[in-house]
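Under numbering that gives the first Met the number 0, the first residue of the sequence shown carries the number 0, and numbering increases by one thereafter.
Quick reminder that beta carbons are idealized off the backbone N, C-alpha and C, glycines included.
Before any comments, here is the structure.
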Amino acid sequence: MGNMEDDPDTPRTMRSDLFRNYVSALVAFLIAAVLVLVWIRGLTPPSSGSLPDRAVPLICFVLVFWPVFVAIYLLWTHRAYSSLDPDALRTAAESDREHNRGWLGWWSGLRWGAASLTTTAAIFAVVVTIAIALTPGMREDTAVIILTMLMVAASWAMMVYGFALDYMRMTATQDPEETPHLKFTTTDEPAFSDFLTLAVMVSTMGSGLPAEVRSGPMWRRIRTNAVMAFFFNSVIVAMMVSLVFGGITAS
Numbered sequence: 000m001g002n003m004e005d006d007p008d009t010p011r012t013m014r015s016d017l018f019r020n021y022v023s024a025l026v027a028f029l030i031a032a033v034l035v036l037v038w039i040r041g042l043t044p045p046s047s048g049s050l051p052d053r054a055v056p057l058i059c060f061v062l063v064f065w066p067v068f069v070a071i072y073l074l075w076t077h078r079a080y081s082s083l084d085p086d087a088l089r090t091a092a093e094s095d096r097e098h099n100r101g102w103l104g105w106w107s108g109l110r111w112g113a114a115s116l117t118t119t120a121a122i123f124a125v126v127v128t129i130a131i132a133l134t135p136g137m138r139e140d141t142a143v144i145i146l147t148m149l150m151v152a153a154s155w156a157m158m159v160y161g162f163a164l165d166y167m168r169m170t171a172t173q174d175p176e177e178t179p180h181l182k183f184t185t186t187d188e189p190a191f192s193d194f195l196t197l198a199v200m201v202s203t204m205g206s207g208l209p210a211e212v213r214s215g216p217m218w219r220r221i222r223t224n225a226v227m228a229f230f231f232n233s234v235i236v237a238m239m240v241s242l243v244f245g246g247i248t249a250s
């Protein structure tokens, strides 16, 4: 099977997931570097408090980089997949699976699917939130608070889209002779938006799913989604609120 990039009928927005991930990271890195440089040199940077002085630019960089990266990557991904019909979606899923098997896929975490993406997002959210909460000068900075909330929101969105992609790839690439992983109540040929709706429902309510789950592997994937969403919704978000805003109240 040829690469999708070589297919003249493939939309220009449709690149491999690996390509989108690395290009989004590069663009976000450049944008974050410029904005943080302006923030540190031209505006009033947050106080480092007990942290080393060099830690402030690093934390500010992460606060800017992560939301920008997630926004670029997810908007590009949504635009790429939402325009595909079922046959093109199947081709894209097979191509992504092939691309993600290499060492670049391993390094980016895409090889391991949504669980790896969610873990990465959670680590970003936890480490940065704790660092900010332990630094009075940073947790009292309005820009830092806003960026922290954006970072947590971006991490949650990354989790949802990661599982939507997992559901789509599991369904689109399975053997036609096998029992379907999912049976949607509204369509026999689900689009990417249907898988995204499923991921949102699992990540928020855990019930009222728009599809009937018909296989063990899909049930395990949905269970992983529900557990990680519970951890994110109850632990990380609560920690962000209590540590960041609690620090402001106490100051």
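Here residue 127 is actually not in contact with residue 208; their C-beta atoms are around 33 Å apart, not less than 8 Å. In the same chain as residue 151, and ignoring 5 residues on each side of it, the C-beta atoms closer than 8 Å to its own belong to 124, 128, 235, 236, 239, in chain order. Under the three-state reduction of DSSP output, residue 149 falls in the helix class. For residue 74, no pairing in a beta bridge is given by DSSP. Residue 79 and residue 19 have their C-alpha atoms spaced approximately 10 Å apart. Looking at the backbone, the Cα of residue 76 and that of residue 16 are separated by about 8 Å.
Residue 131 sits close to residue 58, with the two beta carbons spaced by under 8 Å.
Contact check for residue 167 against residue 120 fails: the beta carbons are separated by 8 Å or more. One alpha carbon belongs to residue 171, the other to residue 93, and they sit about 8 Å apart. Between the alpha carbons of residue 147 and residue 68 lies a distance of about 14 Å. Separation of residue 35 and residue 60 (C-alpha to C-alpha, rounded to the nearest whole angstrom) is 6 Å.
Assignment of residue 210 by DSSP, reduced to helix, strand and coil, places it in the strand class.
Around the beta carbon of residue 161, 16 or more other beta carbons sit within 10 angstroms, so the residue counts as buried.
In the DSSP assignment, residue 183 falls within the beta strand (DSSP E) that extends over 181-183. Taking residue 179 as the centre and dropping the five residues before and after it, the same chain places the C-beta of 170, 173, 213, 214 closer than 8 Å to its C-beta, in chain order. Taken atom to atom, the span from the alpha-carbon of residue 203 to that of residue 228 is near 7 Å. Closest in alpha carbon position to residue 188, among 141, 138, 87, 226, is 87. One alpha carbon belongs to residue 65, the other to residue 32, and they sit about 12 Å apart.
Selection 192, 231, 177 evaluated against residue 82 yields 192 as nearest (Cα-Cα). Non-local C-beta neighbours of residue 230 in its own chain, meaning closer than 8 Å and more than five positions away in sequence, comprise 121, ordered along the chain.
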